[in-house]
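Novice: Take this structure, written in structure tokens, and hold onto it; I'll ask about it next.
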Amino acid sequence: MNPLREVVPVIMAGGAGTRLWPVSRDSMPKQFIKLLDDGVSPFQATVRRVSGNGFGRPIVITNDSFRFICAEQLSSLGISADIVLEPDRRDSAAAVAVGALMAERRQPEALCLVMASDHVIKDEPSFLAAAGRASEFACKGRIMTLGITPDQPATAYGYIRRGRDLGEGAFVLDEFVEKPDAETAQRYLAKGYVWNSGNFVFVSSVMLREMQALAPDVLKAATAALDRAVRDLDFIRLDAASFAASPTVSIDYAVMEKTQLGGVVETECGWSDIGSWDALYEIKQKDGENNVLEGNVATLATMNSFVHSEDILTTVLGLKNVVVVTTHDAVLVAAKDAVSDVKRLVAKLKSEGRREASEHLRIHRPWGWYQRVDIGPRFQVKHICVKPGGCLSLQRHHHRAEHWVVVCGTAEVTIDDTVKLYHENEAAYLPIGCIHRLRNPGKIDLKLIEVQVGSYTGEDDIVRIEDVYARG
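Just remember that the numbering used here sits 1 ahead of the position in the sequence shown, which is counted from 1.
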């Protein structure tokens, strides 16, 4: 990409992605999961796409719950960014407002490229070329979006009607239209509509003026939240009370459907929002039976299907056009043409209080992760992994004792006033009420089995006395 001036990437990474449940959940959504075979998550691919080559330091806007995941994935790429934490979700308009404000304060009249972090783009040169063309019109006062050339009458995407030709592959943005039925989608294709990709290019001051005119409540809340933001380690934490005053509204509805400055550049860049299991199926390599098979799976007389297993042997016999997804604690079996309703299914599970609707069995922490192995009356067993240099908080429990058995690596264990190293096949006992801490001083992952015994084993029976990650 060769923009007219340096571009500030604004990356929105706060969504939940429940349509890919049970792999994507609130505790670890799809943008941070390695869904493809390229070894990186969609978030990492997005950040890497705009690293160098005329791009400035990225602004990443994410949810407070994902702050350490986001930071770790950036660190693994060797890329630094301004990570902004939303205290709660207010949809994309508030995120765009915060990004535009930060870019404007960093450099007046900043040229911004806003991207979702959970999309896949196979042809990155075409994407960057389209963004470069869009930047030319953005510098002339337009708010540009990238439209995707449709290859099918999809009903899962919003569409854009192009207006007057602006030259060089750009058009006036005439109208946004919602996701159509199949017949309407076919008609849109015939009339030259393009898919709405959710990527925008604009000069910060132009977007801020339009938001002041069209969505003043959003801009007011975002401005106050940023003015009262605080630094928390390497993060910028927006003020919760100010941010909560913003309406929950998309940037499409708040600005793009109303502005007279909208423009669109069309591109064929192998784009997908991977918004459902059938969308992910479409972009993956198929076998001779037109199946996508991933993990520990076996099929017989099965065609046109997506079968994915994280661990457990998953077998499918005599079915066509299905999606079968097996994780450690949940299984999804669905007709492929019904997967658009997975979000409704997850909402139902949440209304029933099902933990599996929102949380993975493996819970990620800034120091590593833990995974429950078993639980019952007065006990719980966990598998714990602490990355090199990782350190749990100095803490105590009121209702449980713990036993730590080292499986791999070296553990530095603090128990009250004693600090001791434990190696493989050695165990530490932590009585109820003791002040304790676990640290990995080694060069490899520390893995251990934790056995909790007591009248209560919930996560809220943790009294943190000191924490290097500044968690409350």
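Built from N, CA and C at the ideal position, the CB exists for glycine as well. Owing to the predicted nature of the structure, the values given are computational and were not obtained by experimental measurement.
Tell me which residues share the same chain as S52 and place their Cβ nearer than 7 angstroms to its Cβ, disregarding the 5 neighbours each side in the sequence.
Specialist: As a working mapping, residue 52 is identified with position 51 in the sequence shown. For S52, where only same-chain residues beyond five positions count, the Cβ hits under 7 angstroms are I80.
Novice: Can S251 and A222 be called in contact, C-beta distance under 7 angstroms?
Specialist: Taking the sequence shown and counting its residues from 1, one reaches residue 251 at position 250. Taking the sequence shown and counting its residues from 1, one reaches residue 222 at position 221. No, the Cβ-Cβ distance between S251 and A222 is not below 7 angstroms.
Novice: Only counting the same chain, and skipping five residues up and downstream in sequence, which positions put a Cβ closer than 8 angstroms to that of A104?
Specialist: Here residue 104 corresponds to residue number 103 of the sequence shown, with the count starting at 1. Hits under 8 angstroms: V9, V11, I60, A111, C113, S205.
Novice: Going by the CB atoms, is the gap between F203 and I144 shorter than 7 angstroms?
Specialist: Here residue 144 refers to the residue found at position 143 when the sequence shown is read from its first residue. Here residue 203 refers to the residue found at position 202 when the sequence shown is read from its first residue. Closer than 7 angstroms, so yes.
Novice: So what does E502 bridge to, in DSSP terms?
Specialist: Missing from the structure shown is residue 502; the chain here goes from 2 to 473 and no further.
Novice: If I follow the unbroken alpha helix (DSSP H) through S243, where does it start and stop?
Specialist: In the sequence shown, residue 243 corresponds to position 242, counting from 1. Counting along the chain, the alpha helix (DSSP H) containing S243 begins and ends at 241-245.
Novice: Sort out for me which residues DSSP pairs I84 with in a bridge.
Specialist: Start at 1 with the first residue of the sequence shown, and residue 84 comes out as number 83. Answer by DSSP bridge pairing, in chain order: V61, F236.
Novice: Tell me, please, which residues DSSP counts as bridged to G369.
Specialist: Here residue 369 refers to the residue found at position 368 of the sequence shown. Per DSSP, R366, V387.
Novice: So what does DSSP say about G264, is it helix, strand or coil?
Specialist: Taking the sequence shown and counting its residues from 1, one reaches residue 264 at position 263. Here G264 sits in strand by DSSP.
Novice: Measure the C-alpha to C-alpha separation of L147 and N292 and round it to an integer number of angstroms.
Specialist: The sequence position of residue 147 within the sequence shown is 146, counting from 1. The sequence position of residue 292 within the sequence shown is 291, counting from 1. Approximately 31 angstroms, taken between the alpha carbons.
Novice: Where does K31 land, buried or exposed, given buried means 16+ other C-beta within 10 angstroms?
Specialist: For the purposes of this step, residue 31 is taken as residue 30 along the sequence shown, with counting starting at 1. Label assigned to K31: buried.
Novice: What distance in whole Å lies between the Cβ atoms of D218 and R229, which are believed to be in contact at a cut-off of 8 angstroms?
Specialist: Within the sequence shown, residue 229 is the residue found at index 228, counting from 1. Within the sequence shown, residue 218 is the residue found at index 217, counting from 1. The pair is not a contact, with the Cβ atoms about 17 angstroms apart (cut-off 8 angstroms).
Novice: Between A412, G455, L393, which lies nearest to D468 when the distance is taken from Cα to Cα?
Specialist: Here residue 468 refers to the residue found at position 467 of the sequence shown. The shortest Cα separation from D468 among A412, G455, L393 belongs to L393.
Novice: Please list the terminal residues of the continuous alpha helix (DSSP H) segment that includes F128.
Specialist: Position 127 of the sequence shown, counting from 1, holds the residue named residue 128. Residues 125-139.
Novice: Quick one: does H120 have its CB under 7 angstroms from some CB of chain C?
Specialist: The chain inventory of the structure shown lacks chain C, comprising one protein chain alone.
Novice: Helix, strand or coil for T185 per DSSP?
Specialist: Counted from its first residue, the sequence shown places residue 185 at position 184. Of the three classes helix, strand and coil, the one that applies to T185 here is helix, per DSSP.
Novice: Just curious, the alpha helix (DSSP H) that G159 is in, first and last residue?
Specialist: Numbered from its first residue, the sequence shown carries residue 159 at position 158. Looking at the DSSP string, G159 is not in any alpha helix (DSSP H), and its letter there is neither H nor E.
Novice: Give the secondary structure of P10 by DSSP, where H, G and I count as helix, E and B as strand, and everything else as coil.
Specialist: What you label residue 10 is simply residue 9 of the sequence shown in a count that begins at 1. Of the three classes helix, strand and coil, the one that applies to P10 here is strand, per DSSP.
Novice: Could you please give the first and the last residue of the uninterrupted beta strand (DSSP E) stretch that includes R91?
Specialist: Working through the sequence shown from its first residue, we reach residue 91 at position 90. Element bounds for R91: n/a, residue is neither H nor E.
Novice: Please report how far the alpha carbon of P154 lies from the alpha carbon of S243, in whole angstroms.
Specialist: Within the sequence shown, numbered from 1, the residue matching residue 154 stands at position 153. Within the sequence shown, numbered from 1, the residue matching residue 243 stands at position 242. Those two C-alpha atoms are separated by around 42 angstroms.
Novice: Exposed or buried, which one is S77 when buried takes at least 16 other CB atoms within 10 Å?
Specialist: Counting from one through the sequence shown, the residue named residue 77 turns up at place 76. With fewer than 16 Cβ atoms within 10 Å of its Cβ, S77 is classed as exposed.
Novice: Please report the distance separating the alpha-carbon of L209 from that of A131.
Specialist: Translated into the one-based positions of the sequence shown, residue 209 becomes position 208. Translated into the one-based positions of the sequence shown, residue 131 becomes position 130. Cα-Cα distance, rounded: 23 angstroms.
Novice: For L86 and R58, which I take to be in contact (beta-carbon distance under 8 angstroms), what is that distance rounded to the nearest angstrom?
Specialist: Residue 86 sits at position 85 when you count from the first residue of the sequence shown. Residue 58 sits at position 57 when you count from the first residue of the sequence shown. Incorrect: roughly 17 angstroms between the Cβ atoms, too far for contact.
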